Structures are given as C-alpha cells and as structure tokens.
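Residue numbers (the working numbering): 713 to 1138. Backbone N, C-alpha and C fix where the C-beta goes; we use that ideal spot for every residue, glycine too. If you're wondering where the values come from, they're calculated on a predicted model, not measured in any experiment. Input: a single structure, listed below in structure tokens.
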Amino acid sequence: MINIASWKLDSLTKYVLVAGALSLSGCDDSDPKKDSATVEMFSWWVAPGEKEALDALLAVHTSFYPEVEVINAAAGSSGDARQRLTDRFAQGFPPDTFQANGGDDLLRWVSTDGTTDAQSKLENLQGFFTEHGLHQVIPQAVIEVVSFNGQPYAVPLNIHRTNSIFYNVGILEAAGVAVPTTLEELSAACDVIEAAGTTCIAIGARSSWPLASLVWENMMVASVGVDYQQRFFAGQQSPDDPEVEQVANDLLAMWEHVDPAAFDTEWTDAVAKVGAGTAAFTVMGDWAKGMLKSTGLVPGVDFGQAPFPGTVGVFVFGTDTFPLAKGAPEREATLDLLGVIASREGQIAFSEVKGSIPARTDASTATLDVLGQQTAADFKTATALLSANPQPSAFVPLEAAIAETLRTGDPMVLRNAIRSYYDVLR
C-alpha cells in the first residue's frame, strides 16, 4: 500500500511518467502491490473531458500497480448510475468503489441505512485518513461532506465550483460587454447580446439536476444571500418568506434570456453552444471546462469562467468522492486505488483534465490552466464556502416543480412545491 504521507522527493523512485510528465513524490520499490486483481469502479464519467480525466487518474494508478486492472463500470448519466447502484446494493453485489457527490448523495449509504457503522453499506475510513494524513491536507469543509457522526466514509478526489458561468470571449468582446458580476449586469448584457442576434444563455434543462443546481446553488445565493440560503436549508426559515418569492421572480426574470430550446438540451449541448459561439453564457459547474478543453478551445482565450453573477466571493463547492463498499470483493486492491485517489499525483493528473482543483491543499496547482489557478485562489480567499447539493439527491418532485415554473412562468408552482416539501428540504 502506498503510504502517501511519507512520500518525499529525496526518496523518489523512477516510475513511468504519466499525465503530462508528473513528478512523483516518491515511494519505496516495495510499495506497489505485486498481486494481480481486478477492481470495479462505478462512475458516470462518460462525457468529453470526464472520461479523459479518469483515464489520467487511472494511468497514475497503473504506474504504481501495473498488475491491477481497474474496470470503470460507467453509466450514461448520474441518474442512471444512482439507480443501478441502488439496484446492486439491494441485490447484494455492490462495486468495490463508486463515484458519489459529497453530502447526501454519499451519506445516504450510511445514514439512510442506519446510524452505526455496523448498519452502513460503507466502511468507515477513519483509519485510512489517519494513515495517509488526510486530516492535515484536506480542508475541514470538504471532510465534513464525506463524514457522518464525525467519521469519514469516502476519499475526496477534487473540488468543483458549481456557482459558475462560462462565456464565449469573442461574443462578449464583439458586443462590448464586460463579464457580469450582478444579476442586473447579466440582464443588461443579455439585452445587448440578443440585440445582435445571438442567444444569451444556454441551459441544459432536459435533465432536471442542472435546474436544481441553478436554483439552489446559484440563484438563491445571488438573489437573497448566503446567510438566508444557509438558514433555509437548516430549517430555520419558512417557505412563506418573501425571500422565497424573490428567488422565484429573479429566476423567471433570468429565464427570459434563456435559449427557448433549453428543455430539449442536455448540459453538454448547452456547454457546446458556448464553445461554438451560438450562445454567450451557460451556467454550469467547472467540469464544463474539461469538456470545452477537449474540443481544442483554450481557457482564458476562447472561453472564460466567472462566479455566477451576484455570488462573487462565495464558493459553492462539490467534491467527487470514492468510498469502500462493505464486502468489496477486492478490498485490499481497492484500498490501494483509494490511496492513489487521495494522492497529490492522482489529484493533479485528474484535475488538469477535468477542470476541478485538487482536494489536497498541498497539491501544486502550477500545472493547472489559468482558470484552474484562479479557481484555486478563489477557494482560498472565499468569504463563504457552501456545500453543493443542499437538497436531497434526485429529489424528483421539487425538480419537476422548478421545470414547470419555468415552462409556465408561474412562480406559485415552485413556491407551493417548496411549501409542500420544506420538511424534506431541511
């Protein structure tokens, strides 16, 4: 097993260079696992930029464990992946490890099935965190979203910013508009861009999760502020608050500038429209950067990234995590894989492609692109760090209400749904 905490440059062993000629931090020749094994990893990384990022991570793993094969049992979407994962747990043969967003998406496998380690579907990784020194190098805010009752149950691979807009540099320059920092500036920029005959905002609303992210992680923060958003999801507010009405109204005002084809558009297509210059903006987490880069576009030159208007200084973060399933057929080999996921080398190789930043604070960001380096700086200086996915994962009734509000222009649809489901939301 790789002892990540003890890797030092002066003990560097020459391994195969991977993912942009990474300089490994070093490990003893006896560290790599010699026995062959096949580890099943379950993910939803199939989009351009995502698959390549996972390949870069697994190349680092192969350099340490050449006799171990990692099978990515990928599903075509996060929704499909979650359903298949639920089925497999129910049938008693989970994958060795699987992708889960930090927060409810991960912890439902712990807290929903019981409040003790004995009842959890996942192994407690406190010993793993201690062995690898992860409590010292991963921010506490990130550790909290993988922990239940103070115990960690998954390894954070990265940090994504979800309160982001991506924009086509050429369109903004041609229109003579600056990157908007407020909702009012966004509306004014859209008026100019649309007057020139270009779609202002592309949104992928064919799937429901981008709308949930738009409302809770972007619009609510911009419209009524960080403190209210936090109190709202802590159950300290009321669904009848005027702030809830404000969020719905601001959402509908922004939607007037959204591509009419939004409900026939996947998030990948919305991002592609910005890259192709047929839309000026899209609202999406910074994994959109990996997709745009995969098409040959240059960050900071062809496209840009900025905080969602009205959320400057706030960093809404998500983290892709990997736990160890109880009863994993290849437990030891999976722990080795988690060691690579937790390593500086693995996290850098992955984030260079994916568009995220490493979860480890001691991982260099020097090889990230200009937008990635800005994201890393913003994370360190943020006035507020908010966890993404504040609502229960795949909360279909409320996500359907968001879509219906946008289709009909009736804010009461969303307000009534919040009133009905506030006990679940909090």
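Contact under 7 Å by Cβ, residue i with residue j
i     : j     : result
R1056 : A1075 : yes
A768  : V1065 : yes
V782  : V751  : yes
W1139 : G916  : Lying before the first or after the last residue shown, residue 1139 is absent from the chain, which here runs from 713 to 1138.
I883  : T910  : yes
N813  : G1030 : yes
G1002 : L1083 : no
L926  : V995  : yes
F840  : H847  : no
I905  : A1071 : no
Y1134 : P951  : yes
V858  : T1033 : yes
G947  : R1138 : yes
R873  : D998  : yes
E929  : V854  : no
A991  : K985  : yes
V891  : A1018 : yes
Minimum C-alpha distance to residue i - residue among the options
i     : options                    : result
I913  : Q948, N1101, F975, V867    : F975
S920  : A1113, P1123, A866         : A1113
V849  : S823, R1138, L869, G909    : L869
Q1086 : P1102, L1097, S1099, I1069 : I1069
V1024 : A1115, M931, P954, S1132   : M931
A1037 : A934, Q811, F776           : Q811
T1095 : P760, G1012, D953, G937    : G937
W756  : D747, A982, N784, E779     : N784
D808  : L1118, G1039, T1117, T1073 : G1039
Y879  : G987, T842, V1028          : G987
Q852  : G1016, K985, Q942, F1091   : F1091
K833  : D747, P1035, A946, G989    : P1035
V758  : T1073, S1006, D1081        : S1006
G845  : V867, R1138, P1109         : V867
R918  : E1116, F944, A1089         : E1116
D1081 : S1063, A802, Q949          : S1063
G1022 : S899, P806, L797           : S899
P1139 : L1004, G804, G1008, E843   : Residue 1139 is absent from the structure shown; the chain starts at 713 and stops at 1138.
E1044 : L770, E835, L797, T798     : E835
D1108 : V1136, Q1059, D953         : Going by the sequence as given, residue 1108 is Val instead of Asp. For V1108, the nearest C-alpha among the options comes from V1136.
E968  : D903, G1008, P954, G1067   : D903
L1118 : E856, T893, P972           : P972
T798  : Y940, S1132, F754          : F754
S1099 : L1050, Q941, S1132, A1089  : Q941
V881  : F801, L1004, D939, V956    : L1004
L770  : A1061, T893, R943, Q795    : A1061
E843  : P760, L1050, R800          : L1050
Supposed contact pair residue j and residue i - C-beta distance, whole angstroms, cut 8 Å
i     : j     : result
M966  : L895  : 7 Å
V970  : N875  : With 8 Å as the limit, V970 and N875 do not qualify as a contact, their Cβ atoms being about 17 Å apart.
L818  : E1111 : Between E1111 and L818 the Cβ distance is about 19 Å, and since that is not below 8 Å, they are no contact.
D816  : N1101 : 6 Å
F1020 : A887  : Their Cβ separation, rounded to whole angstroms, is 19 Å, which puts F1020 and A887 out of contact at 8 Å.
E779  : S748  : 4 Å
Q838  : P864  : 6 Å
A908  : V889  : Actually they are not in contact, since the Cβ atoms of A908 and V889 sit about 10 Å apart, beyond 8 Å.
L964  : P1104 : 24 Å between Cβ atoms; not a contact.
Where are the alpha helix (DSSP H) runs, 4 residues long or more, that stay fully inside the segment 1056-1105, in chain order?
-> 1056-1066, 1082-1093
Taking 8 Å as the threshold, find out whether the segment 1116-1132 comes into contact with the segment 959-979 through three or more Cβ pairs.
-> yes
Could you tell me whether the segment 1040-1055 touches the segment 754-767, using the rule of 3 or more Cβ pairs below 8 Å?
-> no
Return the chain-ordered ranges of every alpha helix (DSSP H) run that is complete within the segment 755-834 and spans a minimum of 4 residues.
-> 762-776, 790-803, 816-819
Please go through the segment 886-911 and give each complete alpha helix (DSSP H) segment of 4 or more residues, from N-terminal end onward.
-> 895-907
Run through the segment 951-1029 for me and flag every whole alpha helix (DSSP H) of 4 or more residues, listed as ranges in chain order.
-> 954-967, 979-988, 999-1006
Ignoring anything shorter than 3 residues or poking outside the segment 1114-1138, list the beta strand (DSSP E) runs there in chain order.
-> none
Any chance you could list the alpha helix (DSSP H) runs of at least 4 consecutive residues sitting entirely within the segment 850-876, in chain order?
-> 852-856
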